[in-house]
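Some notes on the structure that comes next.
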Amino acid sequence: GSPIQALEYLQYIPYHPDTPVVKKSIPMMPCKTKKWVLLGCLIVILDESSEVSCFPTIPLPHHEAVIKHPINSQALSMSGLFGEVQETQRRKNVSDTLEWQIYVDQSKSSLDRGGSATLDAFCGLSSTKVQIIPAILPKSKNRFPWVRCMSTKIGITNVDVGNVDSVDKVYRVLTKHLKVKDVSPETCDCLRWKYKGNSYLEQGYLDLAIDAYNQALSKPTSMMMGNDNKQEGVILLLRASAFLQRAQAQKSTLTKITQEWVLPDVQEQQELFVESCNNGGLGVVNSVLNQIQSDGRKQKQIMRQIQYHHGLYQYALLRAAKDALRATEILPNYPTSFLRAAEVLSELWNLGESRRYLERALTLDDTLEESVSLLLEGLERRQQILDNARATQEWPDDSLRLALDIAA
25 GSPIQALEYL
35 QYIPYHPDTP
45 VVKKSIPMMP
55 CKTKKWVLLG
65 CLIVILDESS
75 EVSCFPTIPL
85 PHHEAVIKHP
95 INSQALSMSG
105 LFGEVQETQR
115 RKNVSDTLEW
125 QIYVDQSKSS
135 LDRGGSATLD
145 AFCGLSSTKV
155 QIIPAILPKS
165 KNRFPWVRCM
175 STKIGITNVD
185 VGNVDSVDKV
195 YRVLTKHLKV
205 KDVSPETCDC
215 LRWKYKGNSY
225 LEQGYLDLAI
235 DAYNQALSKP
245 TSMMMGNDNK
255 QEGVILLLRA
265 SAFLQRAQAQ
275 KSTLTKITQE
285 WVLPDVQEQQ
295 ELFVESCNNG
305 GLGVVNSVLN
315 QIQSDGRKQK
325 QIMRQIQYHH
335 GLYQYALLRA
345 AKDALRATEI
355 LPNYPTSFLR
365 AAEVLSELWN
375 LGESRRYLER
385 ALTLDDTLEE
395 SVSLLLEGLE
405 RRQQILDNAR
415 ATQEWPDDSL
425 RLALDIAA
């Protein structure tokens, strides 16, 4: 039947073991709201075993700026149609060492205002006494992005905080509002530089982005040392992206110079010189020689520019390769790191290694099959170009690399 008829039927069904449907609230809702409520109710009815509620935690898509945080216990079910919490039941499910559960809103309104970075900052700064849970929180008067901090101890008031849009505010929530100890100021400083680098990278200020990532990596924080140094891997991956963009900028400059490079016709110059010797005077011959010498100096200058930008291009690629390969060691289960490494290795004409890294990324995430297939086709084309160039046996290695980087 219609959603309204279904809702009338659902009013008499306890859709959750602890919280019945509120009979007086549903009829007063707008039709669109009723449809959303119906969807939530049906999900719970069809899958009671999953303990789905109207206040669920949600799996987030993988992103290079989000770090998985060690969870001490399973994400807790938030009972109730409108996000009410069954305090007694919730506290029974938490470990003795856990002091706070922080629900970070990941609704569209929060994500549009930096909610993913807020989640990342909480994960990076929180200790093992705090559980970070991404969730779709109920609508609130708080400014986005906002968080709900719920204590696991009886007698401590829960805290809602809005407009948590910077790492400094996350640090203040943990240390001032929640009185959480063991929150590292050095880690806060590291994350601050990381987000600065992200902002610069998004705006295309590559040098500033690289400097910011260098500052972040130079901080001797606890998350940069030991076995759980995933934050270091993410920053290395971001810096690799910045170096790769710098390499592409140098390659664009290199291509522009070569496209505007007009080589003189040597045979035409020889004919002009012979004609000036036979039919012209000494002044004409000197003029022709000066022109030929001037053209030669101009060609040398252009060639030096090409070699200079090609050197910068290769240097940026090597720096990107170093960071990307290190990121694959720190994040062995993160497919994006292997994709970035494969991209850089392809630019360096290390096509066999690039293929192996693409296959590893596909092994980690089979949903990448279509995009990896396209990249593998690109590797085949580059391999064909490389084989054809080597077959001529006329180019020294440095000239061959320069020609491949420009033409391919």
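Quick note on numbering: the sequence shown equals residues 25 to 432 in this note's numbering. Glycine is no exception: its CB is placed at the ideal position from the N, C-alpha and C atoms.
Rounded to whole angstroms, G320 and E377 show a C-alpha spacing of 41 Å. Under the 8 Å Cβ criterion, the region 335-349 counts as touching the region 267-274, having at least three qualifying pairs. Our two residues, G179 and C173, have alpha carbons roughly 14 Å apart in a direct line.
Collapsing the DSSP output to three states places P162 in coil. Secondary structure of I178 (DSSP, three-state): coil. Shortest Cα-Cα distance from S131 to any of K163, L149, L410 involves K163. A direct Cα-to-Cα measurement between G402 and N412 gives close to 16 Å. In its chain, beyond the 5 residues on either side, L424 have a beta carbon closer than 8 Å to the beta carbon of R414. Using a 10 angstroms sphere on the CB of K205, the tally of other CB atoms stays under 16, which defines it as exposed.
The three-state reading of DSSP puts W217 in helix, counting H, G and I together. Going by C-alpha positions, K254 is about 20 Å away from G139. Checking the DSSP bridge columns, you'll see I316 has no partner listed. Short of 6 Å from the beta carbon of K220, and not among the five residues preceding or following it, lie these beta carbons of its own chain, in chain order: A236.
When secondary structure is reduced to three states using DSSP, Y127 falls in the strand class. Contact between L386 and L392 holds, with the beta-carbon distance rounding to 6 Å and staying under 8 Å.
Our two residues, V194 and Y224, have alpha carbons roughly 21 Å apart in a direct line.
Taken atom to atom, the span from the alpha-carbon of N303 to that of Q291 is near 18 Å. Listed as beta-bridge partners of V171 by DSSP are V128, V185. Within the same chain, Cβ atoms closer than 7 Å to the Cβ of T352 are found at S361, F362, A365, the five residues on either side in sequence being excluded.
Bounds of the alpha helix (DSSP H) holding T277 are 254-284.
Looking at L149, K153, L143, G148, the one whose alpha-carbon comes closest to that of T121 is K153. Residue pairing by DSSP places Q227 in no beta bridge whatsoever. Residue burial is scored here from C-beta neighbours: V286 has fewer than 16 other C-beta atoms within 10 angstroms and is therefore classed as exposed. Non-local beta-carbon contacts of D231 in its own chain, meaning distances under 6 Å to residues more than five positions away in sequence, are absent. An exposed status is given to G335, since fewer than 16 other beta-carbon atoms sit within 10 Å of its beta-carbon.
Excluding its 5 nearest sequence neighbours in each direction, R167 has C-beta neighbours in its own chain below 7 Å: G186, N187, listed in chain order. Beta bridge pairing from DSSP links I157 with Y127.
Distance from the Cα of E367 is smallest, within the candidate group D390, P356, S395, I330, for S395.
When secondary structure is reduced to three states using DSSP, G376 falls in the helix class. Scanning its chain for C-beta atoms nearer than 8 Å, with the 5 sequence neighbours on each side dropped, one finds around I326 the residues I281, W285, in chain order. In the three-state DSSP reduction, N412 falls in the helix class (H, G or I). Per DSSP, the continuous alpha helix (DSSP H) segment holding K193 begins and ends at 191-196.
A Cβ-Cβ separation of about 4 Å places G257 in contact with L355 under the 8 Å criterion. Taking every protein chain shown into account, the CB of T416 has fewer than 16 other CB atoms within 10 angstroms, so this residue is exposed.
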